[in-house]
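Residue numbers (our numbering): 73 to 367.
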């Protein structure tokens, strides 16, 4: 199909020629095939407003439409696979954390108690100091193991819910980076599905880690509020900021869960993310996600 409208508009520029409508859709051709057409309609009016000419044209866009539909289907498939992989990863994290807690952690606890008993029995002998050193090493290992288990799967996320987990996360980041991570919540109920809970927690954690490592901020804040049937999470800092329009720096967000990855996962679940930042003016990232209607 050939569209004469651009040429007609050029010939009648300034003479009252104006578009009436533009829309697209499928039609069935005489041979029975379906074709996607981009329709345009316009009219030419005289000085008195009377219509002198009406014209319409259709531009076939079937190939482009098919390519677009394939791309959207591919993106949807990638979103489903990403969600399934994330849930499988989370399940494996739970299994590993459970094995560490019920196996190695319990064994180390028994070893620590036995060493304590031996240390007491070796009082006044040359064996007591090295036994004390070994006991300290076992205690350090237990603490490191517990930290590893919390990083694998924060039990507070499943035992006390999303809000308590985010507040706990701010406290952990404050202790790790020496940066005041403030937490605010409007107090409104915010029921979330299990998938969304996991995604949002991981997203906020990655954003806070990025602030602690790269933002050069003096303070940061995580604010939660409810707007209708959505939760709104605002993560902000007064750090160095960046240009959101520039290609992402592979070192800017670590752990494979960068801004693009966060946005892709959230889009699949009907959520969205906006980034407001500029060099030297800090960063504010807003995540809006749907709440669940389940009790």
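By construction, the Cβ of each residue, glycine as well, lies at the ideal position given by its N, Cα and C atoms.
Here the structure is a predicted model, which means the values were calculated and not measured.
Residue i vs residue j beta-carbon contact at 8 Å
i: residue 234; j: residue 264; result: yes
i: residue 267; j: residue 193; result: no
i: residue 113; j: residue 128; result: yes
i: residue 215; j: residue 241; result: no
i: residue 335; j: residue 348; result: no
i: residue 261; j: residue 301; result: no
i: residue 229; j: residue 257; result: no
i: residue 270; j: residue 162; result: yes
i: residue 169; j: residue 245; result: no
i: residue 332; j: residue 154; result: no
Proximity winner among the options, relative to residue i (alpha-carbon distances)
i: residue 310; options: 296, 340 and 354; result: 354
i: residue 132; options: 126, 111, 119 and 151; result: 111
i: residue 236; options: 217, 250, 273 and 249; result: 273
i: residue 167; options: 225, 182 and 209; result: 225
i: residue 291; options: 253, 269 and 318; result: 253
i: residue 94; options: 103, 317, 100 and 115; result: 115
i: residue 97; options: 352, 299 and 138; result: 138
i: residue 346; options: 352, 316 and 364; result: 316
i: residue 294; options: 251, 152 and 195; result: 251
i: residue 92; options: 106, 123, 145 and 103; result: 123
i: residue 283; options: 145, 189, 249 and 343; result: 249
i: residue 247; options: 152, 219 and 352; result: 219
i: residue 213; options: 130, 100 and 173; result: 173
i: residue 54; options: 318, 223, 342 and 130; result: Shown here, the chain extends from 73 to 367; a query on residue 54 therefore has no answer.
i: residue 299; options: 285, 105 and 259; result: 259
For residue j and residue i, believed in contact at Cβ under 8 Å, the rounded distance
i: residue 289; j: residue 359; result: The Cβ separation is near 19 Å, so there is no contact.
i: residue 368; j: residue 207; result: In the structure as shown, the chain begins at 73 and stops at 367. Residue 368 is therefore absent and cannot be evaluated.
i: residue 177; j: residue 209; result: That belief does not hold up - the Cβ atoms of residue 177 and residue 209 are roughly 15 Å apart, past 8 Å.
i: residue 255; j: residue 239; result: 5 Å
i: residue 203; j: residue 191; result: 4 Å
i: residue 165; j: residue 184; result: Incorrect: roughly 26 Å between the Cβ atoms, too far for contact.
Burial state of residue i, where buried means 16 or more other Cβ atoms lie within 10 Å
i: residue 147; result: exposed
i: residue 143; result: exposed
i: residue 327; result: A caution first: residue 327 carries a pLDDT of 39, below 50, which makes its placement in the model unreliable, though a value can still be read off. Burial call: exposed.
i: residue 338; result: buried
i: residue 305; result: buried
i: residue 308; result: buried
i: residue 121; result: exposed
i: residue 313; result: buried
i: residue 303; result: buried
i: residue 145; result: exposed
i: residue 325; result: Below a pLDDT of 50, predicted positions are generally treated as unreliable, and residue 325, at 49, falls in that range; no measurement from the model is reported.
i: residue 189; result: exposed
i: residue 85; result: Note on residue 85: pLDDT 48, under 50, position unreliable in the model; no value is reported.
i: residue 287; result: buried
i: residue 195; result: exposed
i: residue 350; result: exposed
i: residue 343; result: buried
Boundaries of the beta strand (DSSP E) in which residue i is found, first to last residue
i: residue 305; result: 302-309
i: residue 110; result: 106-117
i: residue 355; result: 355-362
i: residue 349; result: 344-349
i: residue 293; result: 292-299
i: residue 314; result: Here residue 314 belongs to no beta strand (DSSP E), and DSSP marks it neither H nor E.
i: residue 257; result: 253-257
Residue range of the unbroken alpha helix (DSSP H) whose run includes residue i
i: residue 201; result: 200-224
i: residue 133; result: Here residue 133 belongs to no alpha helix (DSSP H), and DSSP marks it neither H nor E.
i: residue 333; result: 331-340
i: residue 238; result: 234-249
i: residue 197; result: Taken as a continuous stretch (DSSP letters only), residue 197 belongs to no alpha helix (DSSP H), as it is neither H nor E.
i: residue 275; result: 266-282
i: residue 228; result: 227-231
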